[in-house]
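At the far end of the sequence shown sits residue 275, using my numbering, and the numbering has no gaps.
All C-beta atoms, glycine included, are put in the ideal place defined by N, C-alpha and C.
These numbers were taken from a predicted model, which means no experiment stands behind them.
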Amino acid sequence: MTDTTSQASGTLSGNVLFYTQPEPISFEAHGKLGVTPADKPYAFVAETNIVPLTVTEFAPAALSYPIIFVGDQKQPVVAMGLRQGENLFVDNGEFRSDAYIPAYVRRYPFVFANDDTQNRMILCIDRAAPFLGEAGEVPLFENDQPSAYVNNAMEFCNNFEQERLRTESFVKLLTDLDLFETREANFTPRNADGSAGPVQKLAEYYAVSEDKLKALPVEKLAELRDNGALGQIYAHLVSLLGWERLIAMAFARAAAVPTAANA
Numbered sequence: 013m014t015d016t017t018s019q020a021s022g023t024l025s026g027n028v029l030f031y032t033q034p035e036p037i038s039f040e041a042h043g044k045l046g047v048t049p050a051d052k053p054y055a056f057v058a059e060t061n062i063v064p065l066t067v068t069e070f071a072p073a074a075l076s077y078p079i080i081f082v083g084d085q086k087q088p089v090v091a092m093g094l095r096q097g098e099n100l101f102v103d104n105g106e107f108r109s110d111a112y113i114p115a116y117v118r119r120y121p122f123v124f125a126n127d128d129t130q131n132r133m134i135l136c137i138d139r140a141a142p143f144l145g146e147a148g149e150v151p152l153f154e155n156d157q158p159s160a161y162v163n164n165a166m167e168f169c170n171n172f173e174q175e176r177l178r179t180e181s182f183v184k185l186l187t188d189l190d191l192f193e194t195r196e197a198n199f200t201p202r203n204a205d206g207s208a209g210p211v212q213k214l215a216e217y218y219a220v221s222e223d224k225l226k227a228l229p230v231e232k233l234a235e236l237r238d239n240g241a242l243g244q245i246y247a248h249l250v251s252l253l254g255w256e257r258l259i260a261m262a263f264a265r266a267a268a269v270p271t272a273a274n275a
């Protein structure tokens, strides 16, 4: 069950990456607010190097980023940088034109939270969003009712919630089949004389083991093929080639810093 206008009567809970002041949206609290298109719409993403991803996004996201699994829950995320606090795909508040923008980012400033007391989902908005304020160009409410903008956000968040649950099922399937293994992304720098320097570990994460995948019974592989999971697995595996691109982008950004400073 979902709601847009009721105040939550219990404790709200949920994943709120990017959200510093999420509030259940209501006419009483937000009736005078609206949003104004921002000059730097994705500035809020610039200081994170990983962003959650749903399974149906694997194919388009694989063209831009490594798709990895992290944490005890093996949450799928895209790696957008090599260090915490650095996003190589966001510059001056804008994503690179050739980069896929995850749905997790596109739903901002809206997000669902759990109302544990009434067992329902509450639509929330980040009150601290820089493009949200009084007399905004696009109102949140019209004639005391949620505007088309808010209703569209509700639909998007509903769809996102369905994809989130589908992603949980996908991860559970891979876990039950024991397909995960721990991997590292490493970089070998070159010394001034051209020799290889000490290997540097960039990241440690979970990935699907190609050997375990090949060892599955034929009928299980056919099942993964028929339910679409095999295609998503291959998208994930191909995406891991993107670590080299991230390294190249990190070098390019580092090289551009002195130039920018002297401009």
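Where does residue i land, buried or exposed, given buried means 16+ other C-beta within 10 angstroms?
i: Gly-97; result: exposed
i: Phe-30; result: buried
i: Pro-78; result: buried
i: Ala-140; result: exposed
i: Asp-138; result: buried
i: Ala-73; result: buried
i: Gln-19; result: Here Gln-19 scores only 40 on pLDDT, less than 50, and its place in the model should not be relied on; the value that follows carries that caveat. With fewer than 16 Cβ atoms within 10 Å of its Cβ, Gln-19 is classed as exposed.
i: Ser-76; result: buried
i: Gly-83; result: exposed
i: Gln-244; result: buried
i: Ala-264; result: exposed
i: Met-13; result: Because Met-13 carries a pLDDT of 37, less than 50, the predicted location of this residue cannot be relied on, and the following value inherits that uncertainty. Answer is exposed; the Cβ neighbour count stays below 16.
Could you give the first and the last residue of the continuous beta strand (DSSP E) run that contains residue i?
i: Ala-73; result: Looking at the DSSP string, Ala-73 is not in any beta strand (DSSP E); the run it does join, the alpha helix (DSSP H), is 70-74.
i: Pro-36; result: 34-36
i: Val-82; result: 79-82
i: Leu-45; result: 45-47
i: Pro-64; result: 62-64
Can you give me the C-alpha to C-alpha distance between residue i and residue j, rounded to a whole angstrom?
i: Ala-58; j: Pro-229; result: 43 Å
i: Asn-104; j: Pro-34; result: 24 Å
i: Tyr-246; j: Lys-86; result: 17 Å
i: Pro-88; j: Asn-239; result: 19 Å
i: Thr-32; j: His-248; result: 31 Å
i: Lys-224; j: Lys-232; result: 12 Å
i: Asp-127; j: Thr-68; result: 27 Å
i: Arg-132; j: Phe-172; result: 15 Å
i: Gly-26; j: Arg-202; result: With a pLDDT of 43 at Gly-26, under the threshold of 50, the modelled position of that residue is not reliable, and no figure is offered here.
i: Glu-216; j: Pro-151; result: 44 Å
i: Gly-145; j: Gln-212; result: 45 Å
i: Glu-180; j: Leu-189; result: 14 Å
i: Arg-108; j: Ala-267; result: 18 Å
i: Asn-163; j: Ile-37; result: 12 Å
i: Arg-176; j: Lys-184; result: 12 Å
i: Val-250; j: Pro-210; result: 27 Å
i: Arg-257; j: Thr-129; result: 46 Å
i: Leu-253; j: Asn-99; result: 18 Å
i: Gln-174; j: Ala-125; result: 14 Å
i: Ala-275; j: Ala-234; result: With a pLDDT of only 48 at Ala-275, under the threshold of 50, the placement of this residue in the model should not be trusted; the figure read from the coordinates follows. Their Cα atoms are separated by approximately 58 Å.
i: Glu-167; j: Asp-51; result: 25 Å
i: Trp-255; j: Glu-106; result: 21 Å
i: Arg-119; j: Pro-64; result: 12 Å
From what residue to what residue does the alpha helix (DSSP H) around residue i run?
i: Arg-118; result: 115-118
i: Phe-39; result: 39-42
If we call anything under 9 Å between Cβ atoms a contact, is residue i one with residue j?
i: Glu-196; j: Leu-214; result: yes
i: Tyr-218; j: Phe-70; result: no
i: Phe-101; j: Ala-115; result: no
i: Leu-94; j: Ala-227; result: no
i: Glu-149; j: Pro-49; result: yes
i: Val-123; j: Cys-169; result: yes
i: Ala-41; j: Asn-61; result: no
i: Phe-153; j: Gly-43; result: yes
i: Leu-135; j: Ala-165; result: yes
i: Arg-237; j: Thr-66; result: no
i: Phe-143; j: Pro-158; result: no
i: Leu-242; j: Ser-221; result: no
i: Asp-156; j: Phe-56; result: no
i: Phe-199; j: Ile-259; result: yes
i: Gly-46; j: Ala-147; result: yes
query: Which ranges does the alpha helix (DSSP H) cover as unbroken runs of at least 4 residues, wholly within the segment 181-250, from first to last along the chain?
result: For the segment 181-250, the full-length alpha helix (DSSP H) segments reaching 4 residues or more read 222-226 and 230-238 along the chain.
field: Start-end ranges of the alpha helix (DSSP H) lying completely within the segment 85-150, minimum 4 residues
entry: Complete alpha helix (DSSP H) runs here, min 4: 115-118.
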